[in-house]
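This report concerns only the one structure given below.
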Amino acid sequence: MSRVVSITLQNNDDARPIIEAIEKDNPEATVNIYPGMVKIDCEGRLIIKQETVEELLGREWDVQELHLSIISMGGNVDEEDDYFELSWNL
Amino acid sequence: MAEKRKKKLGIKQRYSMLTRGLGWDTTYQDMDKVFPYDNYEGIIIHDWEGWEDPFRLTMDAYWKFQSEKEKKLYAVIDSFAQNNGHLGITDARYVNALKLFLTGVSPLEYQAARGFTHVGRQFRGVGPRVACQMQAIDELRHVQTQIHSMSHYNKYFDGLHSAPHMHDRVWYLSVPKSFFDDARTAGPFEFLTSISFAFEYVLTNLLFVPFMSGAAFNGDMATVTFGFSAQSDEARHMTLGLEVIKFMLEQDERNIPIVQRWMDKWFWRGTRMLALVAMMMDYMLPKRVMSWREAWDIYFTEAGGALFADLARYGIKPPKYADIATKEAEHISHQAWHIFYNYTHAAAFHTWVPGKEELDWLSEKYPTTFDKYYRPRLEYLDKEEKAGRRFYNDTLPMLCQVCQIPMGFTDMDDPTTISFEVSEYNGDKYHTCSLGCKDIFDYEPAKYVQAWLPVHQIYQGNCGGAEVPDVLKWYNFNLGADNLEYNGSPDQKLWDEWQAHRKKA
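Right, dumping it as structure tokens:
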């Protein structure tokens, strides 16, 4: 049984650094591009690190800014000050 | 980013202070009297503190992010209207999907606002109460932004003028309406299982994600923007759905069979309602992103598979009849479109036979079923229409007592035989469209015998009169404009004029 976690973000300027950070921190992730949106799948778990997004963005980034770009997700959420993680219990 | 401004509290503490920290146990009145509804469904909760809200959004942050979303959205809506954005869509046939959305889906957002306002008062746990209250406000925002976005189309296209009135009266709109009526008349835990879990977590992706992507593909800037803006709240709603399930399952093992039964019921009711979306995706988007079948595979088979594998440790099984629903993904959009093709003289949107390239696309996406069962029928209907004999079905269909869809779906193993089931209750016979709907009826017959079935109501004389035009006037339809075939409609005429101007320019 596949245990893919998934996050879908808007394909816009706000989300692009987040998408790039996800690709950097989750080398196994698959990025699917659809009209208007990007769906990123990853086996088991996927992490968004504040530090990586901030480096790409060149400014402070509150992890909760994710709320402005997220479209959908699958997996159990763990939200902290410096990361946002999706996982299934393996 | 070496010098970071330190927040006084971490996110978990902040969230805890601003939710749990603001709640209290009542002492002048018994807690059971203050919260009378959260235990009659049989769900046993030992410790409300066990509730873990995954998105730790406090009210102050909530307002901040929501206002930012609104500013972005309204900038787009405004510019869309100012710049005649409707001229940029791929084809006027597309607007018919919006008609169905505005009359069928947007009023559900309002129903959701009412439902969450109610349960947001009724849980004695502070975590779920706060999450439900936020969601109630979100849902109100969704219905408002959808009406605002689509009001621009109402200036030019037919069938968009009377959504709330139609939602309460029109035969096919009783399908989504009765779904929410059913959920809102259940207890608070069943309501969250139905709306937050079965609908938002398991199924809404199928409505809002590929369909909105389809809106983007078809040049509908306004709809994409409200769709994705709503969906950004939806991600939070999904986590509420998953959390309520885990919470109930972790609190007491006696909750497991209740939760399983609710999941079975609401998964089935949800897939039935999504037949409308299946048809929107396969037939109503001139440029298509993915077929209903593909969307089902991604969002139910794969995403739902991972979810139910995760819930297996609690003893939860995938929803009953999930196998039948997966078989239906091959057929349901074609069968639903056929029903509406039959009855489009009584609908507030147009139908049509897809063009040759579109039929080819369907043949390619449904290689084992489309050419065998559906393409010949559509080609026949096309020939009839071109010969001046556009087919309309003049008898009213029998409706399923539970999902209220006309009983036109087939047995999935034999797509040439109509599927129907019969139950008896107090000496009367009741018909349902499937084993899934029959199970739901048989468990709570006293509830479903009260269903307001539009066809029965018409025959009883409660819907404006004895003839179809009387009923349609009672629906507030503009006859000859809102209804009937797309070819020859005022929408088509206007669109063709615009295209001619474009060519001239």
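From first to last, the protein sequence lines stand for chains A and B. Numbering (the numbering used here) for the first sequence: 9 to 98. Numbering (the numbering used here) for the second sequence: 884 to 1388. Backbone N, C-alpha and C define an ideal beta-carbon position, used for all residues, glycine too.
Contact belief for residue 1084 (chain B) with residue 1121 (chain B) at Cβ below 8 Å, rounded distance in angstroms: The beta-carbon separation of residue 1084 (chain B) and residue 1121 (chain B), rounded to 5 Å, stays under the 8 Å limit for a contact.
Collapsed DSSP secondary structure at residue 14 (chain A) in the structure displayed: Looking at residue 14 (chain A) - three-state DSSP - the assignment turns out to be strand.
Classification of residue 834 (chain B) by the beta-carbon crowding that lies within 10 angstroms, buried from 16 upward: With chain B covering only 884 through 1388, there is no way to say anything about residue 834 (chain B).
Spatial distance of residue 1321 (chain B) from residue 1203 (chain B) (CA atoms): 13 Å
Chain A contacts made by the region 1014-1025 of chain B, where a contact means CB separation under 8 Å: none
Short-range partners of chain B found in the region 34-54 of chain A, where Cβ spacing is below 7 Å: 42, 43, 44 and 45
Coarse secondary structure for residue 1144 (chain B), derived from DSSP in three states: helix
Residues within the region 1169-1184 of chain B neighbouring chain A, beta-carbon criterion of under 7 Å: Against chain A - using a Cβ distance shorter than 7 Å - the residues of the region 1169-1184 of chain B are 1172.
Beta-carbon contacts of residue 55 (chain A) that lie in its chain and below 7 Å, excluding the five residues immediately before and after: 33, 34, 91 and 93
Any chain B beta carbon closer than 8 Å to residue 78 (chain A): Yes, because at least one Cβ of chain B sits closer than 8 Å to the Cβ of residue 78 (chain A).
Rounded separation between residue 1092 (chain B) and residue 964 (chain B) - CA only: 24 Å
Neighbour flag for residue 89 (chain A) against chain B, beta carbons, 8 Å: yes
Terminal residues of the alpha helix (DSSP H) in which residue 1206 (chain B) lies: Where residue 1206 (chain B) is concerned, the enclosing alpha helix (DSSP H) stretches over 1205-1211.
7 Å Cβ shell around residue 1172 (chain B) - same chain, five flanking residues per side excluded: 1093, 1096, 1097 and 1100
Spatial neighbours of residue 1063 (chain B) in its chain, beta-carbon cut-off 6 Å, leaving aside the 5 residues before and after: 991 and 994
Distance CB(residue 72 (chain A))-CB(residue 45 (chain A)) smaller than 8 Å: no
Proximal chain A residues relative to residue 1161 (chain B), where beta-carbon distance stays under 8 Å: Near residue 1161 (chain B) there are no residues of chain A at all, since even the closest Cβ is about 18 Å away, more than 8 Å.
Reference residue 53 (chain A), options A:67, A:21, A:31 and A:20, closest by Cα: A:31
According to DSSP, residues forming a beta bridge with residue 922 (chain B): Partner(s): none; residue 922 (chain B) has no beta bridge.
Cβ contact (3+ pairs, closer than 8 Å) linking the region 1271-1291 of chain B and the region 1197-1213 of chain B: no
Reference residue 1222 (chain B); option with closest CA among B:1281, B:1175, B:1205 and B:1313: B:1281
Contacts that residue 939 (chain B) makes with chain A (C-beta to C-beta distance below 9 Å): 72, 87 and 88
Coarse secondary structure for residue 82 (chain A), derived from DSSP in three states: In the structure shown, residue 82 (chain A) sits in a strand (DSSP, three-state: E or B).
Under 7 Å from the C-beta of residue 11 (chain A): neighbouring residues of chain B: 1189 and 1192
Integer-rounded CB distance, given that residue 1058 (chain B) should sit under 8 Å from residue 1346 (chain B): That belief does not hold up - the Cβ atoms of residue 1346 (chain B) and residue 1058 (chain B) are roughly 16 Å apart, past 8 Å.
N-terminal and C-terminal residue of the alpha helix (DSSP H) that residue 1328 (chain B) is part of: 1328-1331
Within-8 Å CB hit, residue 60 (chain A) to chain B: no
Contact with chain A by residue 1078 (chain B), beta-carbon distance below 8 Å: no
Residue 24 (chain A) at chain B interface by Cβ criterion, 8 Å: no
CB of residue 982 (chain B) within 8 Å of CB of residue 939 (chain B), strictly: Against a cut-off of 8 Å, the Cβ pair of residue 939 (chain B) and residue 982 (chain B) comes out as no contact.
Under 9 Å by beta carbon: chain A residues contacting residue 893 (chain B): 88 and 89
Minimum Cβ-Cβ distance from residue 16 (chain A) to chain B less than 8 Å: yes
Residue 1236 (chain B) (DSSP reduced to helix, strand or coil): When secondary structure is reduced to three states using DSSP, residue 1236 (chain B) falls in the coil class, being assigned neither helix nor strand.
7 Å Cβ cut-off: residues of chain A touching residue 952 (chain B): 76
Endpoints, the beta strand (DSSP E) within which residue 39 (chain A) is located: Note, residue 39 (chain A): beta strand (DSSP E), 38-42.
Length-filtered (4 minimum) alpha helix (DSSP H) runs lying within the region 941-971 of chain B: Within the region 941-971 of chain B, the runs of alpha helix (DSSP H) at least 4 residues long that lie entirely inside it are, in chain order, 942-965.
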